[in-house]
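Notes to accompany the following structure.
Protein chains: 2
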Amino acid sequence: MSVKHSLLALIYEKPRHGYELKTGFEDLVESMWPLNAGQVYTTLDRLERDELVASPGHDKKDRKLYTITDQGKEELWSWLKQPVSRSLLKDEFYFKYLCASHIDYEDKAHMIQMQKQTMVKDVLHLTHLKKEMNQSGNQTMKMLVEGALLHLEADIKWLDMIAGK
Amino acid sequence: MSVKHSLLALIYEKPRHGYELKTGFEDLVESMWPLNAGQVYTTLDRLERDELVASPGHDKKDRKLYTITDQGKEELWSWLKQPVSRSLLKDEFYFKYLCASHIDYEDKAHMIQMQKQTMVKDVLHLTHLKKEMNQSGNQTMKMLVEGALLHLEADIKWLDMIAGK
DNA sequence: CAGTATCTATTTACTGAGTATATACATACT
DNA sequence: AGTATGTATATACTCAGTAAATAGATACTG
Chain A
2 MSVKHSLLAL IYEKPRHGYE LKTGFEDLVE SMWPLNAGQV YTTLDRLERD
52 ELVASPGHDK KDRKLYTITD QGKEELWSWL KQPVSRSLLK DEFYFKYLCA
102 SHIDYEDKAH MIQMQKQTMV KDVLHLTHLK KEMNQSGNQT MKMLVEGALL
152 HLEADIKWLD MIAGK
Chain B
2 MSVKHSLLAL IYEKPRHGYE LKTGFEDLVE SMWPLNAGQV YTTLDRLERD
52 ELVASPGHDK KDRKLYTITD QGKEELWSWL KQPVSRSLLK DEFYFKYLCA
102 SHIDYEDKAH MIQMQKQTMV KDVLHLTHLK KEMNQSGNQT MKMLVEGALL
152 HLEADIKWLD MIAGK
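So this is what it looks like as structure tokens:
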């Protein structure tokens, strides 16, 4: 999504070094999104070049620390402020379906069935996750799970609709 | 999304040259997704390099034609067959919301309101589009619009839910 | 306790997607 | 005649992300 902005958010919280950002990111997304370690460092290089972060030096263990600049804060706020617009075709399945229709893909029914299966599995998985989160787990993530479930519901409803045509 | 695969689909339909792919793409998405002309040619270069397309030569007007190879067809089928998995965080607003929560962003309520406004506007726009499509317009696109509306409904329901907490 | 696996930590060359911009000829308009 | 628009392509560049290598520290295991 935007690794760049999430790193900015983590550095905004407190000064950090590369590896701490990697683990910080993974904590943030509860390991649901594996992050290539290299990406942290390449992104940091670009952030520093663009003066959204700066480095005041290294810590005791010789790890390069980064702090957010004023410009970096502005960038972070403006990213958060900007609503996301979900253009029709930003949804990958819609786009695939459009391509498949265009070329009269013979297996469109199968395609829809497979997609539905994946989504039903996702519903089961997320429902399980939601239960787990009732005991422990952070509140925000629980809401996201709830949102994702509503999303999946809508998707499945739609798949049934188009499968019936 | 995947310009690469949609170009493959268009070439699969019939041999085409670069400019024809640009216009073909824009017809396909009914101009809802502006495509940088340069991207067509850079993508074609990569497709040719990877032997997913080949060029049998130029047409009468000296435009380089491309045809799909067997390997290209396989790539297209496998893309279409593969269900898309929508990881929780692939949704940009969820991700933003997670970042905002993490840093105690003061204006989360405002953020949610802005997002809702954008979505309500989108609903109006798509509802209008749907009506237009009842007369003219292709059937597939109409279904996508219907799907997007279900999606937006779910999103708005969720936004109301989290705004109330 | 020697050997090995895992964790911490970073670097770098590279690929792939997408953009900006330049060019050039043809046609339409005014 | 001059200007805008449409057709057509090329290319250098940026940005995001990956693969793979390196290396020291710590934990585990027979």
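Keeping their order, the protein sequence lines are chains A and B. Counting with my numbering, you get residues 2 to 166 for the letters of the first sequence. Counting with my numbering, you get residues 2 to 166 for the letters of the second sequence. Beta carbons are placed, not taken as given, at the ideal position from N, Cα and C, and that holds for glycine. Note that this is a predicted model, so its numbers are computed, not measured.
Let me check understanding here. Comparing Cα to Cα, which of the options lies closest to residue i?
i	options	result
A:T68	A:N139, A:Y13 and A:L150	A:Y13
B:D60	B:A110, B:Q116 and B:R17	B:R17
A:C100	B:G25, B:L150 and B:E154	B:G25
B:D92	A:L150, A:A164, A:W159 and A:I113	A:L150
A:L90	B:L125, B:G165 and B:E147	B:E147
B:D51	B:D71, B:G58, B:A38 and B:G39	B:D71
B:S79	A:K62, A:D108 and A:K122	A:D108
B:K62	B:E21, B:K131 and B:N139	B:E21
B:G39	B:H129, B:M134 and B:V4	B:V4
A:D28	A:N139, A:Q118, A:K166 and A:L53	A:N139
A:H75	A:R64, A:L53, A:G58 and A:P57	The sequence shown places Glu at residue 75 of chain A, rather than the His named in the question. Looking at the Cα atoms, A:L53 is the closest of the given residues.
B:A164	B:H129, B:M112 and B:G58	B:M112
B:Q83	A:K166, A:W159, A:Q118 and A:G58	A:Q118
Would you give the residue range spanned by the beta strand (DSSP E) that residue i belongs to?
i	result
A:V54	V54 to H59
B:T68	K65 to I69
Given a threshold of 16 other Cβ atoms within 10 Å of its Cβ, counted over all protein chains shown, does residue i qualify as buried or as exposed?
i	result
B:Y184	The requested residue 184 of chain B does not occur in the structure, where chain B is confined to residues 2 to 166.
B:D156	buried
B:M162	exposed
B:V41	buried
A:L127	buried
A:L173	The requested residue 173 of chain A is not part of the displayed model; chain A covers only 2 to 166.
Going by the beta-carbon positions, is the gap between residue i and residue j smaller than 8 Å?
i	j	result
A:S88	B:M33	yes
A:H6	A:L66	no
A:F94	A:Q114	no
A:G73	A:L45	no
A:K23	A:L36	yes
A:V30	B:K97	no
A:I104	B:A10	yes
A:M120	A:L153	yes
B:T43	A:S102	no
A:K132	A:K143	no
A:A48	A:L8	The sequence shown places Leu at residue 48 of chain A, not Ala. A contact, by the Cβ cut-off of 8 Å.
Following the continuous alpha helix (DSSP H) through residue i, name the residue where it begins and the one where it ends.
i	result
B:Y20	G19 to L29
A:N139	Counting along the chain, A:N139 falls outside any alpha helix (DSSP H), and DSSP gives it neither H nor E.
A:L8	V4 to E14
B:K97	E93 to H103
B:G165	B:G165 -> no alpha helix (DSSP H), and no H or E assigned at all.
A:D51	Taken as a continuous stretch (DSSP letters only), A:D51 belongs to no alpha helix (DSSP H), as it is neither H nor E.
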